[in-house]
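Chemist:
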Amino acid sequence: MAPTDHHRQRVKTHARSHFEKWALSYDRSRLNEVVFFPSVRRCQEEILRWKAQRPKGAFRALDVGCGTGTLLSVLEADPDAELLVGLDYAEGMARRAHEKFTAADEPERMMAVRGDSERLPFVDAAFDVVTCCNSFHHYPHQERAVAEFFRVLRPGGMLVLIDGFRDNVIGWVIFDVCVAMVEKHVHHASWSRTRSLLKEAGFADITQKKMNVLAPLLVSRAIKR
Numbered sequence: 052m053a054p055t056d057h058h059r060q061r062v063k064t065h066a067r068s069h070f071e072k073w074a075l076s077y078d079r080s081r082l083n084e085v086v087f088f089p090s091v092r093r094c095q096e097e098i099l100r101w102k103a104q105r106p107k108g109a110f111r112a113l114d115v116g117c118g119t120g121t122l123l124s125v126l127e128a129d130p131d132a133e134l135l136v137g138l139d140y141a142e143g144m145a146r147r148a149h150e151k152f153t154a155a156d157e158p159e160r161m162m163a164v165r166g167d168s169e170r171l172p173f174v175d176a177a178f179d180v181v182t183c184c185n186s187f188h189h190y191p192h193q194e195r196a197v198a199e200f201f202r203v204l205r206p207g208g209m210l211v212l213i214d215g216f217r218d219n220v221i222g223w224v225i226f227d228v229c230v231a232m233v234e235k236h237v238h239h240a241s242w243s244r245t246r247s248l249l250k251e252a253g254f255a256d257i258t259q260k261k262m263n264v265l266a267p268l269l270v271s272r273a274i275k276r
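The opening position of the sequence shown corresponds to residue 52 in the working numbering, with each subsequent residue numbered one higher.
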């Protein structure tokens, strides 16, 4: 294995270890209120906006880096949600999501799996919506992850990608200094880099906006044509 590949595997292993330890207390974290819940609400808003622009009907959604399954637990209330799948690289996170899903009103519509964002364990064109909230900076091969998001989407499907906005001084201090010191080996892609990754993967109708919560976040939305 080349040194660069070895380093990137260490990055993924470190991230998995970090989130395995965090899984049991994750839902009680203050970050839920200031970063994660606002991201969940924004994803829900983007999905509602996307639904309004397409023929009425059922949809299938995949949340990559799902954590304990908060976003999909919210989307369960949508009667058009035919299948909701959460994927996380940390077994502990996927297990906690599974526990939430089995307690849902219609657990047969929900599924949590452990898997790698760079090698999604799903067939081509399996989903109508792919979301990735606040985990993209942990992916050492971000271009592979975006290509996988594109692959598993159906034509007309939407990607919502939310991650730290590091293109101003506040974001740079929070993400490139503070978060990097705590979490190690993370990379928050810039506004332009994120857009380039989406275009290179084949996405169209790309829109990007900065969302201001306690920490600034970049919301990127794109369609597979």
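Even glycine gets a Cβ: it sits at the ideal position worked out from N, Cα and C.
All figures in this text were calculated on a predicted structure; none of them were measured in a lab.
In chain order, what residues of the same chain lie with their CB nearer than 7 Å to the CB of ASN185, ignoring the 5 residues before and after it?
Modeler: Same-chain partners within the cutoff: VAL86, PHE87, SER90, ILE213, ASP214.
Chemist: Is the beta carbon of ASP175 closer than 8 Å to that of GLY208?
Modeler: Cβ atoms of GLY208 and ASP175: not closer than 8 Å.
Chemist: When you compare only the Cα positions, how much space is there between GLU133 and ASP167?
Modeler: So the two alpha carbons sit approximately 23 Å from each other.
Chemist: State the start and end residues of the unbroken alpha helix (DSSP H) segment that holds ARG246.
Modeler: Counting along the chain, the alpha helix (DSSP H) containing ARG246 begins and ends at 242 to 252.
Chemist: Considering only the beta carbon of each residue, do ARG93 and VAL230 sit closer than 8 Å?
Modeler: Their beta carbons are not under 8 Å apart, which means ARG93 does not touch VAL230 by this criterion.
Chemist: Is it buried or exposed, VAL139, if we count other Cβ atoms within 10 angstroms and call 16 or more buried?
Modeler: Val is not the amino acid found at residue 139; the sequence shown has Asp there. Buried: at least 16 other Cβ atoms inside 10 Å.
Chemist: Of the choices GLU194, ASP227, VAL211, PRO206, whose alpha-carbon is the least far from that of ARG244?
Modeler: If we check each option's Cα against that of ARG244, GLU194 comes out closest.
Chemist: State buried or exposed for ALA128, treating a residue as buried only when at least 16 other CB atoms are found within 10 Å of its CB.
Modeler: Burial call: exposed.
Chemist: At the level of alpha carbons, what is the spacing between HIS189 and GLU157?
Modeler: HIS189 and GLU157: Cα-Cα distance of roughly 32 Å.
Chemist: Which same chain residues end up closer than 6 Å to PHE44 when comparing Cβ atoms and leaving out the 5 residues on each side of it in sequence?
Modeler: This structure gives no information on residue 44, because the portion of the chain shown stretches from 52 to 276.
Chemist: When we look at the beta-carbon of SER80 and count the other beta-carbons within 10 Å, is it buried (16 or more) or exposed?
Modeler: Flag for SER80 reads exposed.
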